[in-house]
Amino acid sequence: MTPTSARPEQARRRRASRPAGPANGKAAEAAVARVETAKPTGATSARKFRKAAPPPRRMPHRRLVAVVALVSGLVATSVLGVAVAVLIVQKQHTEATQARNQRFVDTATQTVVNMFSFRQDTIDESVDRFYDGTSGPLRDMFSQNNNVVNLKAIFRDTGGSSETVINGAALESFDDISKNAAVLVSARVTASDMDGNNRPSQPYRLRIVVHEDDDGRMTAYDLNYPNGGN
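Numbering (UniProt numbering), first residue to last: 1 to 230.
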């Protein structure tokens, strides 16, 4: 074997034993750097074993809740207002009824006072006042046969006077159709002679029927003596 043939063989051997790529070794380092993998950190490991969080809670419809609350408040206020209004109306109705009943009683008592009370100097006024406060059957009775004139004459013949004191009066009944109310009146009448001497007083119990007309005016419609009394 000649020296010339030995060089090519050595050269081939060197080329076969040398790694591919540049001879300075940078490529090998780069290759090694690419295949290295980063070690897992503690945070990554912990993230793998953490439980999944629950889904986010759905936010309530705040506007809808506010509207419902407002409507509920308005409804409650309206119900309270209606209840108060009903109480006010009932109170006004009760007061109006009581006032009306008292007018019936006052009319009846005034009728009895006008009927039995007189003085010699005011006989005409007293009898006329009584007659003007009557209606219905009672007025018809006094308008017949000059009864008004005769009553004035009787009072003048006594020569004295008479005073009436009301002991009590109460509403007995009321008919809403006829608008007639029956009022029981208890009175005591004391008459005096022309010399001013008082006679024994006489008790009277009367049932006065009071009528209310369409204008609200009340008059004595009729009278009688209950249970056979005076």
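Glycine included, every Cβ here is placed at the ideal spot set by N, Cα and C. Quantities reported herein were computed from a predicted structural model and do not represent experimental measurements.
Option in the options with minimal Cα separation from residue i
i, options, result
"D214", "Y204, K179 and V165", "K179"
"D195", "S201, Q202, P203 and G159", "G159"
"D222", "T77, F142, I88 and N101", "F142"
"Q102", "Y204, L171, A220 and R205", "L171"
"G216", "M115, L80, Y225 and A99", "A99"
"Q120", "D157, N150, H93 and V84", "D157"
"A181", "V84, T97, G81 and S72", "T97"
Pair within 7 Å by beta-carbon distance, residue i and residue j
i, j, result
"A108", "I208", "yes"
"S162", "F118", "yes"
"V183", "V210", "yes"
"T111", "G133", "yes"
"F155", "I123", "yes"
"L138", "A220", "yes"
"K91", "V127", "no"
Neighbourhood of residue i by C-beta, 7 Å cutoff - its chain only, sequence neighbours within 5 removed
i, result
"M1", "A caution first: M1 carries a pLDDT of 48, below 50, which makes its placement in the model too unreliable to give a value."
"N167", "S186, A187 and R188"
"V35", "Note that V35 scores 48 on pLDDT, short of 50, meaning its location in the model is unreliable; the coordinates nonetheless yield the value given after this. So no residue of the chain qualifies."
"S201", "R188, V189 and T190"
Nonlocal neighbours in the same chain, by C-beta distance under 6 Å from residue i, ignoring five residues either side
i, result
"E212", "K179 and M218"
"V113", "T164"
"A46", "The pLDDT assigned to A46 is 48, lower than 50, so where the model puts this residue is not dependable, and the model offers no usable value."
"P203", "R188"
"N224", "R207"
"Q144", "none"
"A28", "For A28, the predicted model reports a pLDDT of 47, less than 50, meaning its position is unreliable and no value from the coordinates is stated."
"F116", "S162, T164 and V189"
Contact set for residue i: own chain, Cβ-Cβ below 8 Å, skip 5 residues either direction
i, result
"A169", "V105, A108, T109, V183, L184, V185 and S186"
"N198", "T190, A191 and S192"
"N227", "R205"
"N147", "M141"
"E95", "none"
"V32", "In this prediction, V32 scores a pLDDT of 47, lower than 50, which makes its location untrustworthy; the coordinate-derived value is nonetheless stated afterwards. Same-chain partners within the cutoff: there are none."
Neighbour flag for residue i against chain D, beta carbons, 7 Å
i, result
"K179", "Within the model displayed, chain D is absent; a lone protein chain is all it includes."
Which ranges does the alpha helix (DSSP H) cover as unbroken runs of at least 4 residues, wholly within the stretch 81-161, from first to last along the chain? You should have 123-132, 136-143 and 147-158.
Beta strand (DSSP E) segments (min. 3 residues) lying fully within the stretch 159-196: For the stretch 159-196, whole beta strand (DSSP E) runs of length 3 or above, ordered along the chain, are 161-175 and 180-192.
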